[in-house]
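A short write-up of the structure that comes next.
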Amino acid sequence: MQHPSKPLAKTRQGTLAGSAEQGIHIWRGIPYAAPPVGPLRWRAPQPAARWQGVRPAETFSAASWQDIDYCRELGGGDPGAFSEDCLYLNVWAPASAAQPQPLPVMVWLHGGGFTIGAGSLPPYDGKALASRDVVVVTVNYRLGHLGFFAHPALEEEAGERLYNFALLDQIAALQWVQENIHAFGGDAANVTLFGESAGARSVLSLMASPKAKGLFHKAIIQSGYTLPDLPREKALEKGACWRNTSPYRKPALRNCGRSRGGLLVAHRAAEYRASAYCRRRGAAAADAGDLLCRPPASDTGDDRLQ
Numbered sequence: 001m002q003h004p005s006k007p008l009a010k011t012r013q014g015t016l017a018g019s020a021e022q023g024i025h026i027w028r029g030i031p032y033a034a035p036p037v038g039p040l041r042w043r044a045p046q047p048a049a050r051w052q053g054v055r056p057a058e059t060f061s062a063a064s065w066q067d068i069d070y071c072r073e074l075g076g077g078d079p080g081a082f083s084e085d086c087l088y089l090n091v092w093a094p095a096s097a098a099q100p101q102p103l104p105v106m107v108w109l110h111g112g113g114f115t116i117g118a119g120s121l122p123p124y125d126g127k128a129l130a131s132r133d134v135v136v137v138t139v140n141y142r143l144g145h146l147g148f149f150a151h152p153a154l155e156e157e158a159g160e161r162l163y164n165f166a167l168l169d170q171i172a173a174l175q176w177v178q179e180n181i182h183a184f185g186g187d188a189a190n191v192t193l194f195g196e197s198a199g200a201r202s203v204l205s206l207m208a209s210p211k212a213k214g215l216f217h218k219a220i221i222q223s224g225y226t227l228p229d230l231p232r233e234k235a236l237e238k239g240a241c242w243r244n245t246s247p248y249r250k251p252a253l254r255n256c257g258r259s260r261g262g263l264l265v266a267h268r269a270a271e272y273r274a275s276a277y278c279r280r281r282g283a284a285a286a287d288a289g290d291l292l293c294r295p296p297a298s299d300t301g302d303d304r305l306q
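Take the sequence shown: its position 247, counted from the start at 1, is 247 in full-length UniProt numbering, and no numbers get skipped.
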């Protein structure tokens, strides 16, 4: 679907107007899930809302909260604005992708120790790859405490084990790709998931997760690692008394209450008081029900690995 000046893509949520650059059509800042704020904070991602008319998709949307100086130094550049409302993706497609034959799709998961990064960083510009007749998707997902936070209060509220919100975000993005990538000229039956560092670790986790079954068909792991995930009990212990800073001691958590807002206040206070080393240690997934039933490394060479 074309427009005299801007490429249009009709998704399940509504129509998007992108931009054309050097023979490549680009749609930036596409919501693939509802904003994970308020009652949706520290919850599995929910479907994005529909919109009326044509939604502009020419600028990148906010990245998850992170250490901007650290990202500029080692993460690949300036991630731009930060917000809890960060569940957006970007699509690059050849201008010829509107032809009958759908193109292979490559979905990129950025690295950064699960604490920094964004799909909008300069090294992840998809124009060069898209020029080789590939539809490229880059994804933002929740980072740090917002992406990996286990706490008894959250478990009591949810009644289920959901700690790996970043991995759930990535699964939601892959579901969006399955439902919508045809609108950009991509083939939903030919999706390659690839990532570097923490992104590669995510790829490995999703290869081992039943929840991601059928959402991608090939995988590329770049500079990945196979350190074990945290046992649930250890994750809860770390969440209840994070980094041994006063806002994260158990009495302080009790005083701030069990609401998500109160826990977020404690999280931000602890982040600013923690040492640079602690802020950069990264995050780790916890074993959690049918998301990560087993350590992904244990499935290497196993027929259970997707």
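A virtual CB, placed ideally from N, CA and C, is assigned to each residue, including glycine.
Predicted model only: the values in this text are computed from it and were never measured.
- Proximity of the segment 67-74 to the segment 38-49 falls short of the contact definition, fewer than three beta-carbon pairs being nearer than 8 angstroms.
- If you keep only unbroken alpha helix (DSSP H) runs of at least 4 residues inside the segment 107-157, you get 127-130 and 144-147.
- Put simply, the segment 60-70 touches the segment 115-129. At least three CB pairs are less than 8 angstroms apart.
- By the 16-neighbour rule on beta-carbons within 10 angstroms, residue 94 is buried.
- The Cβ-Cβ distance between residue 35 and residue 172 does not fall below 8 angstroms.
- For residue 165, the secondary structure class from DSSP, reduced to helix, strand or coil, is helix.
- Excluding its 5 nearest sequence neighbours in each direction, residue 102 has C-beta neighbours in its own chain below 7 angstroms: 182, 185, 186 and 187, listed in chain order.
- Below 8 angstroms, too few C-beta pairs join the segment 207-223 and the segment 123-135 to call them touching: fewer than three.
- Distance from the CA atom of residue 135 to the CA atom of residue 104, rounded to whole angstroms, is 6 angstroms.
- Note: residue 90 is bridge-paired with 138 in the DSSP secondary-structure output.
- In the three-state reduction of the DSSP assignment, residue 95 falls in the helix class, which pools H, G and I.
- For residue 199, the enclosing alpha helix (DSSP H) has its first and last residue at 198-207.
- When secondary structure is reduced to three states using DSSP, residue 29 falls in the strand class.
- The Cβ neighbour count for residue 21, taken over all protein chains shown within 10 Å, is under 16; the residue is labelled exposed.
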